[in-house]
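Beneath this line is the structure, given in structure tokens, with notes to follow.
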Amino acid sequence: MKKHKKEHHEEHIDETWLIPYADLLTLLLALFIILFASSQVDEKKYAKVMQGLNSAFNGGVSVFEESDTLSIDDISVNDVKNVNENGQDQNQALNDLINKEKQDMEAIKKRLDTFIAENGLTLQLQTNVTSDMLKITIQDYALFDSGKAVVKSEAQKLALIISEMLSMYPDYKVEVAGHTDNIPIKNNEFDSNWDLSSKRSLNFMKYLLRSNNINQARFRSIGYGEYQPIDTNGTLEGRAKNRRVEVNIIRNTIEAKTKTIIP
Numbered sequence: 116m117k118k119h120k121k122e123h124h125e126e127h128i129d130e131t132w133l134i135p136y137a138d139l140l141t142l143l144l145a146l147f148i149i150l151f152a153s154s155q156v157d158e159k160k161y162a163k164v165m166q167g168l169n170s171a172f173n174g175g176v177s178v179f180e181e182s183d184t185l186s187i188d189d190i191s192v193n194d195v196k197n198v199n200e201n202g203q204d205q206n207q208a209l210n211d212l213i214n215k216e217k218q219d220m221e222a223i224k225k226r227l228d229t230f231i232a233e234n235g236l237t238l239q240l241q242t243n244v245t246s247d248m249l250k251i252t253i254q255d256y257a258l259f260d261s262g263k264a265v266v267k268s269e270a271q272k273l274a275l276i277i278s279e280m281l282s283m284y285p286d287y288k289v290e291v292a293g294h295t296d297n298i299p300i301k302n303n304e305f306d307s308n309w310d311l312s313s314k315r316s317l318n319f320m321k322y323l324l325r326s327n328n329i330n331q332a333r334f335r336s337i338g339y340g341e342y343q344p345i346d347t348n349g350t351l352e353g354r355a356k357n358r359r360v361e362v363n364i365i366r367n368t369i370e371a372k373t374k375t376i377i378p
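Each number in the numbering used here comes from the position in the sequence shown (counting from 1) with 115 added on.
Next up, the structure:
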């Protein structure tokens, strides 16, 4: 009787489980790709919101051309960081800042108007609040002798009063602007109206900066010469109005931007 040797065959492992496993890995990979892409879109949206707000807060349509931040205060920065995706918190934060600036500008104007009325200066000083700034207009004869840029002694007191008021509102930049009429000037001190307007604005600004509570980085002076008249240069009265110094307290937000910064 022949002995039959048992033949040993290798058992084949069932590999059908690899198919659903591979499908599962593929689905997980697709999920992570979708999540990653979604996070990138949100970052871009957030960056766009931040860019828009920075433009509105920092000089977008302001007299100042700087592209760096015109910060209101730390609260505004925190409001921006906590905006919701739908933009509702962003709108609320911006509206709150606009309202705060309105109140500040009106408060400064009220104080100045009271001072002007009590000291009989209504013909020499005017105040006006716009969507961009609070403009304090001072006629040149209230500050300087004709053709001169030396600030009168009584005008130095006025500069101190304005300076003290400005120190109470440290969040705003201030432009001191000199203007002349179109009558050419040329003497030993000034070659043109450019020189006269620039020197007048600088000299008056120096008195504004004498207050210890003023941050000088907020200020700048500029001379516009005869090129931004507010009245005709064809009459004596018109030319008198055009000869002036303006102290412009610049708003950090522009109301016209409220609806345009939301993506």
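We put the CB at the ideal spot given by N, CA and C, even for glycine.
Pair within 7 Å by beta-carbon distance, residue i and residue j
{"i": "L238", "j": "M220", "result": "no"}
{"i": "I253", "j": "T242", "result": "no"}
{"i": "E341", "j": "N308", "result": "yes"}
{"i": "V244", "j": "K224", "result": "yes"}
{"i": "S326", "j": "S278", "result": "yes"}
{"i": "A264", "j": "K321", "result": "no"}
{"i": "H294", "j": "Q218", "result": "no"}
Separation of residue j from residue i, as counted between CA atoms
{"i": "D247", "j": "A232", "result": "25 Å"}
{"i": "E304", "j": "N234", "result": "33 Å"}
{"i": "L281", "j": "L323", "result": "9 Å"}
{"i": "I148", "j": "P285", "result": "48 Å"}
{"i": "Q302", "j": "E352", "result": "Rather than Gln, the amino acid found at residue 302 in this sequence is Asn. Answer to the nearest angstrom: the Cα atoms are 24 Å apart."}
{"i": "I134", "j": "T141", "result": "11 Å"}
{"i": "G262", "j": "D228", "result": "28 Å"}
{"i": "L144", "j": "D138", "result": "10 Å"}
{"i": "L150", "j": "Q331", "result": "49 Å"}
{"i": "D255", "j": "A270", "result": "10 Å"}
{"i": "L236", "j": "I329", "result": "25 Å"}
{"i": "D260", "j": "K272", "result": "16 Å"}
{"i": "D211", "j": "Y136", "result": "55 Å"}
{"i": "D393", "j": "S268", "result": "In the structure as shown, the chain starts at 116 and stops at 378, and residue 393 therefore has no counterpart that could be examined."}
{"i": "G174", "j": "L146", "result": "Residue placement at G174 is flagged as unreliable, the pLDDT there being 47, under the threshold of 50; the coordinate-derived value follows with that caveat. Going from the Cα of G174 to the Cα of L146 covers about 43 Å."}
{"i": "T131", "j": "N206", "result": "57 Å"}
Beta-carbon proximity list for residue i, same chain, < 8 Å, skipping 5 on both sides
{"i": "N193", "result": "In this predicted model, N193 has a pLDDT of only 49, less than 50, meaning its place in the structure is not dependable; the value taken from the coordinates is given anyway. Excluding positions up to five away in sequence, the list is empty."}
Close beta carbons around residue i, own chain, < 7 Å, minus the five adjacent residues each side
{"i": "F319", "result": "L258, V266, A274, V291, V360"}
{"i": "I345", "result": "K356, N357"}
Beta-carbon separation (whole angstroms), residue i vs residue j, contact threshold 8 Å
{"i": "N357", "j": "D310", "result": "That belief does not hold up - the Cβ atoms of N357 and D310 are roughly 17 Å apart, past 8 Å."}
{"i": "G349", "j": "S316", "result": "Contact flag wrong, Cβ pair sits at about 25 Å."}
{"i": "I213", "j": "V289", "result": "Contact doesn't hold; Cβ gap of about 19 Å is too wide."}
{"i": "F230", "j": "I276", "result": "6 Å"}
{"i": "I298", "j": "R354", "result": "7 Å"}
Proximity to residue i [Cα-Cα], best of the options
{"i": "N367", "options": "A145, E216, L143, D211", "result": "E216"}
{"i": "A222", "options": "N210, M283, E269", "result": "M283"}
Other residues of its chain near residue i: CB distance less than 6 Å, five sequence neighbours each side excluded
{"i": "L240", "result": "I231, I253"}
{"i": "R333", "result": "K288, V289"}
{"i": "T347", "result": "G353"}
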